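The sequence shown begins at 1 in the UniProt record's numbering and counts up one residue at a time. We put the beta carbon where it would ideally sit given N, CA and C, even for glycine. Bear in mind the structure is a predicted one, so any value in this text is a computation, not a measurement.
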Amino acid sequence: MRKRQKKLKSLVSLITASIPILYLALALLIPFILNLRFAGGFSFNALVDNSSKIKFTIYQAFLSSALTALLGIPGAYLVGRTKIHPVIKKVFRVMSSIPFVLPGITMAIGFFLVFGNKGLYSQLLRLFGFNVRILYTFTAVLLGHVFYNFPLFIRIVGEAWENMDGYLIEAAKIDGASKWQVFSKVEIPVLLPAILRAFFLTYIYTFTSFSVVLILGGIKYSTLEVAIYMYSRITFDFKAASTLMLFQLLFISVIGFFTSVKRESFDKHHYQHLEKFPLWGYFFFVISTLLIFVPLIYSALSGFLDYYGNFSLTNFKMLFLEDLEYLVGTDLKSMIFYTLIIALSSTLKSVVVNMFAGYYSSKGKKLYYLVLIPAALSSVTIAFSYVFINIPVLLKLIVVHSLINLPIVFGIIETGWRNIPQSIIDAAKVDGAGTMKWVSKIAIPMMKNYIFTAFVYSFTISVGETSGTLTLAEPPITTFSVVVFRLMSSRNTEIAMALNTFYFVFVVSLFIIIEILRKEERA
């Protein structure tokens, strides 16, 4: 009997591991290798010709990450270590998290309305005699990256600060340590893993930046991600594209290593040492409101604003009256249809594959790094792997989107598996429940909030995915983000902003539902 149970357990482990492994091999590894072969391999000349783009990408990613840390760490301190009103804390956390679930193109529209030549801040500066041009400059690119990645530090470092054992700080103070000594000798060493992880994640995101760079900075400030897209879709120099793709993969993999090092483990302690809310905190909230929240609000309201920033419904009228197919190669109905089909299909793929991967990994098996492989590849790189694969474009996009979503869905679902008490599973097995029965009757109901959260995150990422979709999409098969990007690129900003408002309301509504579910889960 025991031998039979052991064999059954081994069979279940084999199946749960083989499904994600096979999917990654068939959907990612094989197309990637075939693409390198068909593209012509590696070209040293391509690296030399693009050395300026490589240097700029490395430089702007570092500068963007450093500036994000300068703004994010004080924000994390205020959220995690000070006596801030719970309602204000909740609102700040939710507001600072929204940019991270929105696509770069949506964030770029907010910046366009605030920092553009006719934007709010530009007009205010002119009133005081300052004729400052921010849009289409390097400053705009940096501000856009800070705006987009600021939530990483609030969430990662803020939670680490919040969960720090207050007794460590009290003990240091009893020993006569000053505030600076407590901060530098106690808090920073404990927080360093979280700070480094947030920094390197920000570096990866800014290194592979696409829509933010093009919309806010223009082609002059192209990153490697933009160059790969240009070579693969505009000039059709596939050898140069594959060379830059390999370089970017190697570089991101090295950076990715630092984000996967052993992290500091924090337990929720009963005692938190909270400081009095500092005076500089009010100044910080003003700065973060001006840089982060005002562009966010303007992005949400963009559909109701005309070229001069006045309230108007003209944008929505143009959306339904203009010939969208003439402008971007697809009509409104086709865009909605293909966006939903691609997002729903890719999300279902990601969730199903990760139900197996998450279960296997939650049992202590080493599947974590394998499932995170797509995170080491940029969206354009994953999409470029399918340029030479002879399958329908719709299927290509579904598979590519599922691979892009795979790592974040895995993280959420694996957490759900880990939070199921082993005693409940053991009790079900003692009562004679087979694997299928306890999974369907116990595991899935207990994980429903995690599954829904993973579904929503995957769905919103898919709808907002721009660079990978641009690499493969052919009219009329296209998605919301590509349509908005093409409208913005062709200066049809009114229609783009109307679409953006619809999407913003949709995503924020889903995000609020997730927060409600998290609250129920904690309760």
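| Asked | Found |
| --- | --- |
| Distance check for Leu395 and Ser345, CA to CA, integer angstroms please. | 9 Å |
| Do Gly80 and Glu170 have their C-beta atoms within less than 8 Å of each other? | no |
| Using a Cβ-Cβ cut-off of 8 Å (strictly less than) and excluding sequence neighbours within five positions of Ile15, which residues of its own chain qualify? | Phe356 |
| Is it buried or exposed for Trp280, if we count other Cβ within 10 angstroms and need 16 for buried? | exposed |
| Could you spell out where the alpha helix (DSSP H) holding Asn117 opens and where it closes? | Neither: Asn117 is in no alpha helix (DSSP H) and is coded neither H nor E. |
| With Lys441 as the anchor, note down where its alpha helix (DSSP H) starts and where it stops. | Per DSSP, Lys441 belongs to no alpha helix (DSSP H) and is neither H nor E. |
| Would you kindly work out how many angstroms separate the C-alpha atoms of Val371 and Leu403, rounded to a whole number? | 9 Å |
| From the DSSP secondary-structure annotation, give me the bridge partner or partners of Glu414. | Beta-bridge pairing links Glu414 to no other residue. |
| If we ignore side chains and look at the alpha-carbon of each, how far apart do Phe284 and Asn117 end up? | 26 Å |
| So if DSSP puts Tyr305 in a beta bridge, which residue, or which two residues, is it bridged to? | Just to set this straight, residue 305 is Leu in the shown sequence, not Tyr. Leu305 is bridged to Phe311. |
| Would you list the one or two residues that DSSP bridges to Glu275? | Thr82 |
| Please name the residue in Ile341, Phe504, Thr471 whose C-alpha comes closest to that of Phe236. | Thr471 |
| May I ask you to verify whether the segment 463 to 470 touches the segment 381 to 393, counting CB pairs closer than 8 Å and requiring at least 3? | yes |
| Is there contact here, the segment 197 to 215 with the segment 122 to 132, by at least three beta-carbon pairs under 8 Å? | no |
| Looking at Phe150 and Pro193, is the spacing between their C-beta atoms short of 8 Å? | no |
| Starting from the C-beta of Phe511, find all residues in its chain whose C-beta is less than 7 Å away, skip the five residues before and the five after it, and write them out in chain order. | Ile98, Val101 |
| Starting from Glu162, trace the alpha helix (DSSP H) both ways and give me its first and last residue. | 138 to 162 |
| Could you say which of Leu47, Thr82, Ser64, Ile516 lies nearest to Leu274 if we only look at CA atoms? | Thr82 |
| In angstroms, rounded to a whole number, what distance separates the CA positions of Ser481 and Ser51? | 30 Å |
| When you compare the segment 417 to 424 with the segment 432 to 452, are there three or more beta-carbon pairs, one atom per stretch, that lie closer than 8 Å? | yes |
| Mind checking which residues open and close the alpha helix (DSSP H) that includes Leu45? | First, the amino acid is wrong: residue 45 is Asn here, not Leu. Asn45 -> alpha helix (DSSP H) spans 44 to 49. |
| When you compare each of Ile156, Leu327, Tyr450 to Phe485 by their alpha carbons, which one comes out closest? | Leu327 |
| Report the three-state DSSP secondary structure of Ile477 (helix, strand or coil). | strand |
| Assuming contact is defined by CB atoms lying nearer than 8 Å, are Pro476 and Gly329 in contact in what I supplied? | yes |
| Scan the segment 210 to 254 and note each continuous alpha helix (DSSP H) run of 4 residues or more that stays entirely inside, going in chain order. | 211 to 216, 224 to 233 |
| Considering only the alpha carbon of each residue, which of Val254, Met107, Gln123 lies closest to Ser209? | Met107 |
| If you run the structure through DSSP and keep just helix, strand and coil, what is Lys179? | helix |
| Is Asn35 helix, strand or coil when you go by DSSP? | helix |
| Which of the three DSSP states, helix, strand or coil, is assigned to Lys185? | helix |
| Do Thr68 and Val141 have their C-beta atoms within less than 8 Å of each other? | no |
| In chain order, what residues of the same chain have a beta carbon less than 6 Å from the beta carbon of Ala498, not counting five sequence neighbours either side? | Gly303, Asn315, Phe316, Leu319 |
| Using the C-alpha atoms, what's the distance from Ile413 back to Met447? | 8 Å |
| Label Ser178 either buried or exposed according to how many other C-beta atoms from any shown protein chain fall within 10 Å of its C-beta, with 16 as the threshold for buried. | exposed |
| Going by DSSP, what residue range makes up the alpha helix (DSSP H) through Thr453? | 448 to 464 |
| Sort Ile33, Ser509, Leu113, Ala39 by Cα distance to Leu301 and report the nearest one. | Leu113 |
| Assign Ala17 to one of two classes, buried (16 or more other C-beta atoms within 10 Å of its C-beta) or exposed (fewer than that). | buried |
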